[in-house]
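Quick note, the sequences are listed as chains A and B, same order. Under the numbering used here, think of the first position of the first sequence as 202, with each following residue one higher. Under the numbering used here, think of the first position of the second sequence as 202, with each following residue one higher.
Protein chains: 2
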Amino acid sequence: MSITAPDGFVAAGCHAGVKRRRYDMALVAAEDRKPVPAAAVFTQNKFAAPPVLLDRQRLAENGGQAAAVIVNSGNANAGTGAAGMADAEAMAAAAAAALGTDPRDVLVCSTGIIGTPLPMDRILAATPKLAKKLSAGGAHDAATAILTTDHVAKEAVIRGTTFTLGGMAKGCGMIAPNMATMLAFLTTDAAVTSEEMTAILRDAADRTFNTLNVDGATSTNDTVILLASGRRGRPDLKEFADAVHRLCEDLTYQMARDAEGMTRMVLLRVTGAASDAEARIAAKNIAENNLVKCSWYGGDPYWGRLLGAAGSAGIDFEPEKTEVAYGGIIVSRGGTNADHDEAALAAHMKQEKIEIEVALGLGAGAAQVIGIDLGPGYIKENSRTS
Amino acid sequence: MSITAPDGFVAAGCHAGVKRRRYDMALVAAEDRKPVPAAAVFTQNKFAAPPVLLDRQRLAENGGQAAAVIVNSGNANAGTGAAGMADAEAMAAAAAAALGTDPRDVLVCSTGIIGTPLPMDRILAATPKLAKKLSAGGAHDAATAILTTDHVAKEAVIRGTTFTLGGMAKGCGMIAPNMATMLAFLTTDAAVTSEEMTAILRDAADRTFNTLNVDGATSTNDTVILLASGRRGRPDLKEFADAVHRLCEDLTYQMARDAEGMTRMVLLRVTGAASDAEARIAAKNIAENNLVKCSWYGGDPYWGRLLGAAGSAGIDFEPEKTEVAYGGIIVSRGGTNADHDEAALAAHMKQEKIEIEVALGLGAGAAQVIGIDLGPGYIKENSRTS
């Protein structure tokens with residue numbers, strides 16, 4: 202069910218021919234085809250793809266509402282210029298025609314290779330058939346159709362006191378390989394305004410999706426969209442915000458587990474930084490450092506590389522005040538080796554999910570990221586697109 | 202000859218037992234054991250190793266002079282705290298005793314694993330023997346003894362009108378694997394002051410060593426030292442500066458060719474940026490992007506990833522003004538695909554050294570870096586230290 206679990210939404214997925222065989226188009230729509238409040242968070246990349254530019258513009262112009270979201274995978278419609286913008290508009294128009302709604306209330310997302318025009322003939326031919334398939338049972342088809350190099354569909358549902366929240370996502374990191382991007386679509390039957398949802402979604406995305414760092418790259422197409430049918434009335438707003446956060450967190454972990462070539466996931470916490478901002482910089486610098494990532498792949502508790510990465514992050518850093526722990530086992534104190542239980546450490550390093558804390562001992566700043574190891578699988582998936 | 206090619210220097214290398222079998226200690230000294238003008242450039246990492254801290258302090262205190270440099274490989278004496286500082290001092294003192302010079306005029310460098318104390322018994326036992334081996338014929342032994350995961354020794358000589366400049370280096374990038382760091386040692390028989398050499402060396406390092414980006418990491422031990430015996434009198438300072446630049450460039454290319462797991466080297470030029478500083482940021486962001494690096498490994502001219510990396514670098518960026526060329530063949534213009542000669546492009550991508558220009562079309566800012574591809578060899582060398 203996932204995205205159709207909340208009252209008032211239907212979904213579908215189909216094979217249009219962007220990819221060779223697999224499902225490659227998805228549609229999520231308000232059951233009555235009427236616009237509902239919508240909120241979205243987009244990539245910060247200045248090389249943003251036409252569908253991102255179009256959605257931003259539409260939500261700004263129509264006051265934050267949408268009747269449907271049409272998505273294709275296999276081609277990102279990025280690096281396609283003005284022709285790409287016309288293609289995104291045509292996709293929205295085709296969906297609107299099939300649904301009998303205003304094109305300005307249709308959002309568009311694309312994910313896949315960059316720099317190649319969308320096969321618009323196939324997309325336009327498939328859209329009416331896709332719209333006919335819309336049903337409450339179509340959620341899993343839609344969740345499958347948005348995938349690129351993902352191995353599994355990512356879906357989640359949270360049932361609140363007075364509302365339901367559903368979601369699906371794709372992505373193997375902030376950006377994934379050939380086939381780029383993370384996309385997430387959330388629906389709810391709670392009655393919330395676009396403004397309320399925007400604030401809640403932005404905060405949740407910051408604390409979940411934006412803490413996942415597969416390769417430090419930022420996609421041209423990243424998009425998270427939340428639609429609210431309002432069918433079940435006003436929620437407790439705090440409970441609702443918390444549910445959005447938990448749903449995003451659930452989808453984030455599903456993405457992390459499916460990351461490109463991933464063999465090990467790392468919950469990396471930087472504490473004691475001069476500020477939260479400095480903690481975030483340090484965490485990012487550590488999680489993106491290839492020497493660190495290789496040591497994670499090898500299950501090697503090489504704390505010297507963590508401090509080396511933190512020390513070159515451009516933040517306040519005093520080796521003698523630092524402390525590094527793997528799975529709660531302190532291995533370094535004051536910038537040098539600390540005696541520790543080798544057997545317990547080795548056991549922790551064998552886990553698929555390891556925990557690291559780098560304590561800087563300077564202030565109260567803290568940040569957490571989910572890091573992914575760097576192994577041969579990542580290179581295999583990313584060295585050739587054609 | 203390399204480092205002993207200039208008049209007035211002797212060198213030696215030996216096996217002390219820091220590594221299992223190979224040479225692991227080097228000594229370079231003024232032939233008459235008297236201090237000569239010296240200049241140095243060090244890592245910017247705030248987790249700098251004790252030998253770096255010691256050398257910085259000594260050069261500041263003695264007005265920029267040195268009679269010798271003692272080096273060990275296999276252990277970086279980093280992440281070793283106050284005990285590590287005492288070890289670095291003891292190394293210098295041992296060399297000074299063997300040479301009959303003041304310990305304050307001996308510089309110390311270490312490279313290798315982080316976080317493990319130096320085996321001082323072996324180092325101190327080997328030092329007198331090492332000093333006895335000093336000769337004009339010892340340059341290659343010294344160049345071999347400073348290596349870690351390097352496959353070949355890196356040496357170069359430039360003969361100017363009135364002077365000779367020699368050099369040796371180790372390193373597989375700004376930081377290399379288990380065994381970290383880049384080190385370079387230069388000697389000359391020109392008569393130049395410490396101040397003159399410091400300015401010249403800093404500028405040369407910025408334009409050579411600092412443009413090499415294997416993995417974006419900054420070592421705890423990076424050091425470049427230049428010693429001048431003065432035996433052949435005043436040089437033309439411009440010719441001398443140019444020679445230092447060319448020697449550093451030669452050593453940089455030798456390091457790039459030997460980079461960890463490297464199969465392809467990329468001369469990446471960013472032009473048309475709003476400023477040189479923005480060009481450097483863009484070049485760094487591109488050269489460190491794992492998706493880009495994987496595409497280099499695969500010989501894939503995936504320009505979309507280059508623009509995606511530039512667009513997320515936080516600099517001024519307007520897709521419609523950009524142009525991307527591989528080997529002078531323009532493959533993208535205005536942020537979209539540009540018609541090009543596919544056969545010529547494929548031929549260029551097969552080279553071991555490819556050239557890329559990302560033109561941003563905004564201003565006169567330019568920067569060049571030497572990037573290295575990311576292949577399975579890098580992971581193999583970096584996933585386990587023990």
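In this text, a Cβ means the ideal position worked out from N, Cα and C, and glycines have one as well. The structure displayed is predicted, hence computed values, not measured ones.
What number of angstroms, rounded off, separates the C-alpha of Pro236(B) from the C-alpha of Thr317(B)? 32 Å
Please check if any C-beta of chain A sits within less than 8 Å of the C-beta of Ser496(B). yes
Output the distance between the C-alpha atoms of Val229(B) and Ala343(B), rounded to the nearest integer angstrom. 8 Å
Extract the residue ranges of the alpha helix (DSSP H) inside the stretch 438-476 of chain A, only unbroken runs of 4 or more that lie entirely within it. 438-458
Going by the beta-carbon positions, is the gap between Val559(A) and Ile487(A) smaller than 8 Å? yes
Of the residues Ala250(B), Val415(B), Ala213(B), Met463(B), which one's Cα is nearest the Cα of Leu335(B)? Ala213(B)
What did DSSP end up calling Thr365(A) once you bin it into helix, strand or coil? strand
Bridge-paired residues (DSSP) for Gly572(A): Asn414(A), Val467(A)
Could you tell me which whole beta strand (DSSP E) segments of length 3 or greater appear in the stretch 235-318 of chain B? 237-243, 269-276, 307-314
So the candidates are Ala511(B), Ser203(B), Ala340(B); which of them puts its Cα closest to the Cα of Arg470(B)? Ala511(B)
Would you report the Cα separation of Met380(B) and Gly218(B), rounded to the nearest angstrom? Per-residue confidence for Met380(B) stands at a pLDDT of 37, beneath the threshold of 50, marking its modelled position as unreliable; the derived number appears in the next sentence. Rounded to the nearest angstrom, the two C-alpha atoms are 16 Å apart.
Is DSSP giving Ser513(A) helix, strand or coil here? coil
If I measure Cβ to Cβ from Ile376(A) and keep anything under 7 Å in the same chain, skipping five residues before and after, which residues do I get? The predicted model places Ile376(A) with a pLDDT of 47, which falls under 50 and marks its position as unreliable; any figure quoted below should be read in that light. For Ile376(A), where only same-chain residues beyond five positions count, the Cβ hits under 7 Å are Thr382, Asp416, Ala418, Thr419, Ser420.
Would the beta-carbon of Val467(B) fall within 8 Å of that of Ile557(B)? yes
Counting Cβ pairs, one atom from each stretch, are 3 or more of them under 8 Å apart for the stretch 489-500 of chain B and the stretch 233-253 of chain A? no
Count the other CB atoms within 10 Å of the CB of Gln455(A); is the residue buried (16 or more) or exposed (fewer)? buried
List, in chain order, every chain A residue whose beta-carbon is nearer than 9 Å to that of Gln455(B). What Gln455(B) touches in chain A: nothing, since even the nearest Cβ is about 21 Å away.
Selected residue, minimal CA-CA separation from Ile401(A), among Ala385(A), Arg432(A), Val445(A): Val445(A)
Which of the residues in the stretch 504-528 of chain B, read from start to end, lie with their CB under 8 Å from any CB of chain A? Trp504, Gly505, Arg506, Leu508, Gly509, Ala510, Ala511, Gly512, Ser513, Phe518, Glu519, Pro520, Glu521
Considering only their Cβ atoms, is the gap separating Thr453(A) from Phe588(A) smaller than 8 Å? Outside the displayed span of chain A (202 to 587) sits residue 588(A), for which this structure offers no information.
Contacts around His549(A), its chain only, beta-carbon distance under 7 Å, and the 5 residues preceding and following it disregarded: Tyr527, Gly528, Ile530, Ile555
Take the Cβ of Val353(A) as the centre, count every other Cβ of all protein chains shown within 10 Å, and call the residue buried at 16 or more, exposed below. exposed
Short CB-CB distance (under 8 Å) between Ser476(A) and chain B: no
Using three-state DSSP, classify His228(B) as helix, strand or coil. In the sequence as presented, His is not what sits at residue 228(B); that position holds Leu. Strand.
Tell me which residues of the stretch 274-289 of chain B have at least one Cβ-Cβ distance to chain A shorter than 9 Å, keeping chain order. Ala277, Ala279, Gly280, Thr281, Gly282, Ala283, Ala284, Gly285
Give every residue of the same chain whose Cβ lies closer than 6 Å to the Cβ of Arg432(A), excluding the five residues on either side of it in the sequence, and list them in chain order. Asp208, Gly209, Asp390
Check the DSSP bridge columns for Lys371(A) and list the partner residues they point to. Leu384(A)
Could you check where the beta strand (DSSP E) with Gly214(A) kicks off and where it finishes? 210-215
Which residues, taken in chain order from the stretch 530-555 of chain A, show a beta carbon closer than 8 Å to some beta carbon of chain B? Ser533, Gly535, Gly536, Thr537, Asn538
Between Thr574(B) and the rest of its own chain, which residues show a CB-CB distance below 6 Å, the 5 nearest in sequence each way excluded? Here residue 574(B) turns out to be Asp, not Thr, going by the sequence shown. Excluding sequence neighbours, Asp574(B) sits near Thr464, Arg465, Lys494, Trp497, Tyr498.
Counting Cβ pairs closer than 8 Å, one from the stretch 256-274 of chain A and one from the stretch 304-312 of chain A, do we hit at least three? yes
Closer than 8 Å by beta-carbon distance: list the chain A residues that pair up with Ile557(B), in chain order. Near Ile557(B) there are no residues of chain A at all, since even the closest Cβ is about 15 Å away, more than 8 Å.
Sort Ala565(A), Ala239(A), Glu553(A), Ala478(A) by Cα distance to Thr394(A) and report the nearest one. Ala239(A)
Members of the stretch 306-338 of chain B near chain A, C-beta cut-off 9 Å: Ile314, Ile315, Gly316, Thr317, Pro318
Check the Cβ of Arg481(A) against every Cβ in chain B and list those closer than 7 Å, keeping chain order. Near Arg481(A) there are no residues of chain B at all, since even the closest Cβ is about 14 Å away, more than 7 Å.
Does Lys551(A) pass the burial test, meaning 16 or more other C-beta atoms within 10 Å, or should it be called exposed? exposed
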